[in-house]
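For reference, the structure discussed in these notes is given below.
Numbering (this note's numbering), first residue to last: 51 to 456.
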């Protein structure tokens with residue numbers, strides 16, 4: 051898609067020596083394209099919670115695949131930037147439906163905490179497989195067959211998945227038998243907030259790297275497009291391994307400890323990446339980083355379901371909407387802040403700051419080691435204040451960046 055967007059704007063693909071115009075293009079296109087999907091995703095997760103409580107998980111998940119079918123078909127036939135932007139937003143709607151409902155359904159089908167962890171690790175491995183196969187598949191198909199072919203194939207796959215769900219799951223209305231905890235009660239539970247924060251911060255590093263590492267490699271290593279694509283393969287492959295291994299393993303060693311080790315590992319890898327002199331030296335830090343992200347996701351996603359079991363009613367749509375929003379928050383902030391930061395403070399300093407953030411946040415996961423069953427009203431009140439402060443803070447930071455770096 052970046053190559054096609056550059057052609058629409060009639061701008062050269064070659065990166066100038068100063069790399070300034072490449073930075074500008076990356077900030078403009080990556081931020082707009084990513085945030086169209088991610089912010090739409092964040093807006094819709096709470097609505098999907100309400101819908102899920104009324105009609106169950108199967109209909110929202112099926113509807114999500116229908117929406118993604120139309121979004122992918124729009125990508126195939128879209129010729130203008132505005133239409134592609136709309137398709138990306140539509141894709142965010144479909145993703146919000148499928149991911150929130152899918153995780154909620156897994157948590158309901160697997161009530162045993164250990165089995166749930168293994169199932170969610172396997173499901174997250176599917177995400178890693180898509181990230182692993184997507185770039186080489188899209189690149190080869192785009193080069194050989196043009197823009198339309200890969201998206202048409204994906205649209206056909208979405209259609210087949212929808213038909214498969216119709217046959218196997220048979221989507222139908224299934225109202226919740228239990229009274230659900232309010233979305234506000236979930237958002238003000240400090241254990242849910244800490245778990246969601248670990249997901250956001252754990253994925254923030256790779257979200258920052260996706261738009262900025264290619265520019266840094268072109269500037270310092272004179273890397274080719276093929277080399278840049280290969281640089282992300284170790285992270286995707288190790289994430290696939292990590293989610294499948296640490297799904298069941300994190301239950302044995304403690305999910306809080308698995309996520310804590312993951313954050314420390316990510317911080318160390320972010321310090322190591324700027325020291326690399328060629329693409330081969332990137333293999334170990336990016337590979338370890340993907341494994342660490344897999345440790346965090348495979349630990350925190352099932353742990354948030356466990357929190358609902360112990361401290362709230364057993365309705366999982368709300369907590370996995372929060373988990374999904376936490377995941378997307380990292381990928382919404384990454385392109386927005388990545389471009390301006392690499393231009394203002396440089397690539398190494400940007401990664402050092404994110405690494406420090408991982409180190410600072412890691413000790414908070416010790417709080418998850420002991421979790422009381424009753425919700426403390428005083429703790430909930432403090433959590434409300436913290437949540438509202440964080441919301442206002444990040445909103446003003448985002449608006450400031452959009453104003454100064456537009």
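Cβ coordinates follow ideal geometry from the N, Cα and C atoms, glycine included.
At the C-beta level, residue 284 and residue 333 come within 7 angstroms of one another. Looking at the backbone, the Cα of residue 289 and that of residue 300 are separated by about 15 angstroms. Residue 112 and residue 389 have their C-alpha atoms roughly 36 angstroms apart. When DSSP states are grouped into helix, strand and coil, residue 215 belongs to the helix group. Considering only 350, 346, 237, the residue with the shortest C-alpha distance to residue 362 is 237. In the DSSP assignment, residue 138 falls within the alpha helix (DSSP H) that extends over 131 to 159.
Contact annotation: residue 296 and residue 286 have beta-carbon atoms that are not nearer than 7 angstroms. No Cβ-Cβ contact shorter than 7 angstroms links residue 114 with residue 154.
Linking residue 206 to residue 260 through their CA atoms gives a straight-line distance of about 27 angstroms.
Taking a contact as a CB-CB distance under 8 angstroms, the pair residue 339 and residue 256 counts as one, their CB atoms being some 7 angstroms apart. Of all C-beta pairs linking the stretch 366 to 382 to the stretch 348 to 355, three or more are shorter than 8 angstroms, placing the two stretches in contact. The Cβ atoms of residue 346 and residue 248 sit closer than 7 angstroms to each other.
If you check the CB distance, residue 316 and residue 342 come in under 7 angstroms. Excluding five sequence positions before and after residue 172, the CB atoms of its chain that fall closer than 8 angstroms to its own CB belong to 293, 294, 297, given in chain order. Residue burial is scored here from C-beta neighbours: residue 330 has fewer than 16 other C-beta atoms within 10 angstroms and is therefore classed as exposed. Residues of the same chain with a CB within less than 6 angstroms of the CB of residue 267, apart from the 5 flanking positions on each side, are 273, 278 in chain order. When secondary structure is reduced to three states using DSSP, residue 328 falls in the coil class, being assigned neither helix nor strand.
Proximity to residue 134 across 156, 416, 201 peaks at 201, based on C-alpha coordinates. Each residue's CA atom was taken as its position, placing residue 385 and residue 166 some 32 angstroms apart. Secondary structure at residue 419: helix, using DSSP grouped into helix, strand and coil. Per DSSP, residue 120 is one residue of the alpha helix (DSSP H) stretching across 108 to 127. Per DSSP, the unbroken alpha helix (DSSP H) holding residue 267 starts and ends at 240 to 270. A direct Cα-Cα distance of roughly 20 angstroms separates residue 117 from residue 130.
When C-alpha distances from residue 252 are compared across 419, 199, 415, the shortest belongs to 415. In the structure shown, residue 175 falls within a helical segment according to DSSP collapsed to helix, strand and coil.
Annotated three-state conformation of residue 273 is coil, per DSSP. For residue 362, no alpha helix (DSSP H) segment is defined, and its DSSP state is neither H nor E.
Going by C-alpha positions, residue 369 is about 16 angstroms away from residue 421.
Residue 336 and residue 270 have their C-alpha atoms spaced approximately 17 angstroms apart. Counting C-beta atoms within 10 angstroms of its own C-beta, residue 220 has fewer than 16 neighbours from the protein chains shown and is therefore classed as exposed.
Collapsing the DSSP output to three states places residue 197 in coil.
Judged by DSSP in its simplified three-state form, residue 289 adopts helix. For residue 374, the enclosing alpha helix (DSSP H) has its first and last residue at 367 to 394. Between residue 126 and residue 198 a beta carbon distance of about 5 angstroms is seen, short of the 8 angstroms cut, so the two are scored as contacting. The Cβ atoms of residue 241 and residue 357 sit closer than 7 angstroms to each other.
By the CB criterion at 7 angstroms, residue 119 and residue 208 fall inside the cutoff.
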